[in-house]
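**Student:** Right, I'll just put the structure down here and ask away after.
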Amino acid sequence: MSHPLPLYRVRAKNTAPDSENKIHDDRVAAEYGFRGGLVPGVTVYGYMTVPIVDSEPAWLERGSMHVRFLEPVYDGEEIVVRAEASENGTMDVMAEREDGAVCAKGHASTEARSGYLAKWYAEHPLPPADRRPVPLPENLMVHSPLGTVVEKLSLFDGAFLELRSERLPIYHGSNPPAHPAKLLQFSNEILVRNFQLGPWIHVASEINNWSVAWNDDVISARGLIHDLFERKGHEFVVVDVMLIANAERLVQTVRHTAIYRPRTM
566 MSHPLPLYRV
576 RAKNTAPDSE
586 NKIHDDRVAA
596 EYGFRGGLVP
606 GVTVYGYMTV
616 PIVDSEPAWL
626 ERGSMHVRFL
636 EPVYDGEEIV
646 VRAEASENGT
656 MDVMAEREDG
666 AVCAKGHAST
676 EARSGYLAKW
686 YAEHPLPPAD
696 RRPVPLPENL
706 MVHSPLGTVV
716 EKLSLFDGAF
726 LELRSERLPI
736 YHGSNPPAHP
746 AKLLQFSNEI
756 LVRNFQLGPW
766 IHVASEINNW
776 SVAWNDDVIS
786 ARGLIHDLFE
796 RKGHEFVVVD
806 VMLIANAERL
816 VQTVRHTAIY
826 RPRTM
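Under the working numbering, residues 566 to 830 are what the sequence shown spells out, in order.
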């Protein structure tokens with residue numbers, strides 16, 4: 566048996582129009598066949614977590630989600646997030662346009678987690694920003710380590726929550742947990758801080774939460790390249806990422822899939 570969770574409606578916002586990834590820029594996105602700059606996948610994922618966290622706040626500490634982005638989401642579109650919870654602790658969640666077109670699908674759980682890595686990845690230096698290599702099959706080597714992104718979390722950022730129309734009280738209190746979109750953004754940062762990317766597209770993530778990240782935690786985002794493949798003219802990269810807080814606590818593991826070289830029109 567399953568039961569629906571309350572619908573969540575949100576006006577989508579392109580949270581990265583000025584980012585280095587020009588797939589979020591209207592003009593460049595049009596060159597790849599889109600009618601506007603894409604709302605980032607991590608932002609859409611953040612929308613999809615709302616009914617889950619509202620129903621099961623413990624998901625932030627020990628939940629998982631496998632999310633796939635199926636259709637572009639554009640700035641200003643109203644998105645409806647539908648979620649159904651089963652008795653076994655799993656939840657199916659979809660982000661839809663008002664016309665019913667499904668933009669993203671996720672399968673979440675508060676009970677089962679997969680992909681735990683018993684051995685923590687070592688830290689590695691990032692390349693200088695002006696000497697990042699252009700990603701090519703010959704320098705994207707499977708199992709090769711990526712440079713580590715280190716950042717101290719600052720969670721009392723009302724602009725971050727406002728830009729995402731985030732209304733859940735849990736993120737607005739005196740001791741808020743890190744927002745899921747903020748944590749998944751580290752997986753994007755691994756790519757952009759290691760390579761000089763052109764326009765690229767986030768297509769899927771398998772996320773496992775192991776603990777909550779808090780304000781002032783120093784997050785070490787460590788990763789390696791898991792796989793490379795080509796499909797329908799697109800070049801894909803899959804990276805495995807782990808987030809470690811204060812060099813002592815595993816926060817999250819992610820298998821993150823992106824098109825690093827989309828085919829052009």
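C-beta atoms are modelled at their ideal positions from N, C-alpha and C, and glycine is treated no differently.
Check whether the Cβ atoms of L793 and V707 lie closer than 9 Å to each other.
**Tutor:** Yes, Cβ-Cβ distance for L793 and V707 is below 9 Å.
**Student:** From the DSSP secondary-structure annotation, give me the bridge partner or partners of G611.
**Tutor:** Paired residues: none, contrary to the question.
**Student:** Could you round the C-beta distance between L756 and Q817 to whole angstroms and report it? I think they count as a contact, below 8 Å.
**Tutor:** L756 to Q817, Cβ: 16 Å. No contact.
**Student:** Applying the 10 Å Cβ sphere with the 16-neighbour rule, what's the burial state of E813?
**Tutor:** Result: exposed.
**Student:** How many angstroms separate the CA atom of R697 from the CA atom of Y825?
**Tutor:** Their backbone Cα atoms lie some 14 Å apart in a straight line.
**Student:** Pull up the distance between the alpha-carbon of G671 and that of D805, whole angstroms please.
**Tutor:** Each residue's alpha carbon lies about 19 Å from the other.
**Student:** Do you know how far the Cα of P702 is from the Cα of L733?
**Tutor:** Their Cα atoms are separated by approximately 42 Å.
**Student:** Taking the alpha carbon of H625 as the point to measure from, which residue in K797, W779, R820 and H791 has its own alpha carbon closest?
**Tutor:** The sequence given here places Leu at residue 625; His does not occur at that position. Answer by Cα proximity: W779.
**Student:** According to DSSP, is G606 part of a helix, a strand, or is it coil?
**Tutor:** In the structure shown, G606 sits in a helix (DSSP, three-state: H, G or I).
**Student:** Looking only at its own chain, which residues have a Cβ that is under 6 Å from the Cβ of A581, when we skip the five neighbours before and after it?
**Tutor:** Closer than 6 Å at the Cβ level, and outside the excluded window around A581, lie H589 and P605.
**Student:** Could you check whether A673 and G628 sit closer than 9 Å to each other, using their CB atoms as the reference points?
**Tutor:** Yes, they are a contact pair.
**Student:** Give me the Cβ distance between A669 and V632, rounded to the nearest whole Å; I'm assuming they're in contact under 8 Å.
**Tutor:** Correct: roughly 6 Å between the Cβ atoms.
**Student:** Any heavy atom of the ligand NAP closer than 8 Å to the CB of L635?
**Tutor:** What this structure holds is no ligand at all, so the ligand NAP is not there to describe.
**Student:** Can you name, in chain order, every residue of its own chain whose Cβ lies under 8 Å from the Cβ of I644, other than the five neighbours on each side?
**Tutor:** Counting only Cβ-Cβ distances below 8 Å, and skipping sequence neighbours, we find R574, V575, R576, A577, V609, Y612, V638, A660, E661, R662 and C668.
**Student:** Sort N704, T675, G712 and V699 by Cα distance to A687 and report the nearest one.
**Tutor:** Out of N704, T675, G712 and V699, G712 has the C-alpha closest to the C-alpha of A687.
**Student:** Is the Cβ-Cβ distance between I735 and P742 less than 9 Å?
**Tutor:** Taking 9 Å as the Cβ cut-off, I735 and P742 qualify as a contacting pair.
**Student:** Between which residues of its own chain and W685 is the CB-CB distance below 8 Å, once the five residues before and five after are set aside?
**Tutor:** R787, M807, I809 and L815.
**Student:** Leaving aside the five residues before and after V777 along the sequence, list all residues of the same chain whose C-beta is less than 6 Å from its C-beta, in chain order.
**Tutor:** So the qualifying residues of the chain are L625, E626 and P742.
**Student:** Taking the CB atoms as reference points, tell me whether L603 and I772 lie closer together than 9 Å.
**Tutor:** Cβ distance not < 9 Å, so L603 and I772 don't count as in contact.
**Student:** Taking only the alpha-carbon atoms, compute the straight-line gap between E585 and N653 and give it to the nearest angstrom.
**Tutor:** Distance between the alpha carbons of E585 and N653 is about 42 Å.
**Student:** Closest to V783 by CA distance: which of I790, F751, A595 and V658 is it?
**Tutor:** Looking at the Cα atoms, F751 is the closest of the given residues.
**Student:** Excluding the 5 residues flanking P569 on each side, which residues of the same chain have their C-beta closer than 6 Å to its C-beta?
**Tutor:** Counting only Cβ-Cβ distances below 6 Å, and skipping sequence neighbours, we find E649.
**Student:** Is it buried or exposed for A594, if we count other Cβ within 10 angstroms and need 16 for buried?
**Tutor:** Buried.
**Student:** In the DSSP assignment, find the beta strand (DSSP E) that holds E661 and state where it starts and stops.
**Tutor:** Taken as a continuous stretch (DSSP letters only), the beta strand (DSSP E) holding E661 covers T655 to R662.
**Student:** Among the residues of its own chain, which have a CB less than 7 Å from the CB of L728, if the five just before and after it don't count?
**Tutor:** Taken in chain order, the residues that qualify are K578 and T580.
**Student:** Does the distance from the CB of P622 to the CB of L572 come in under 9 Å?
**Tutor:** Going by C-beta atoms, P622 is not nearer than 9 Å to L572.
**Student:** On the DSSP letters alone, give me the boundaries of the alpha helix (DSSP H) that P745 sits inside.
**Tutor:** Residues P745 to N759.
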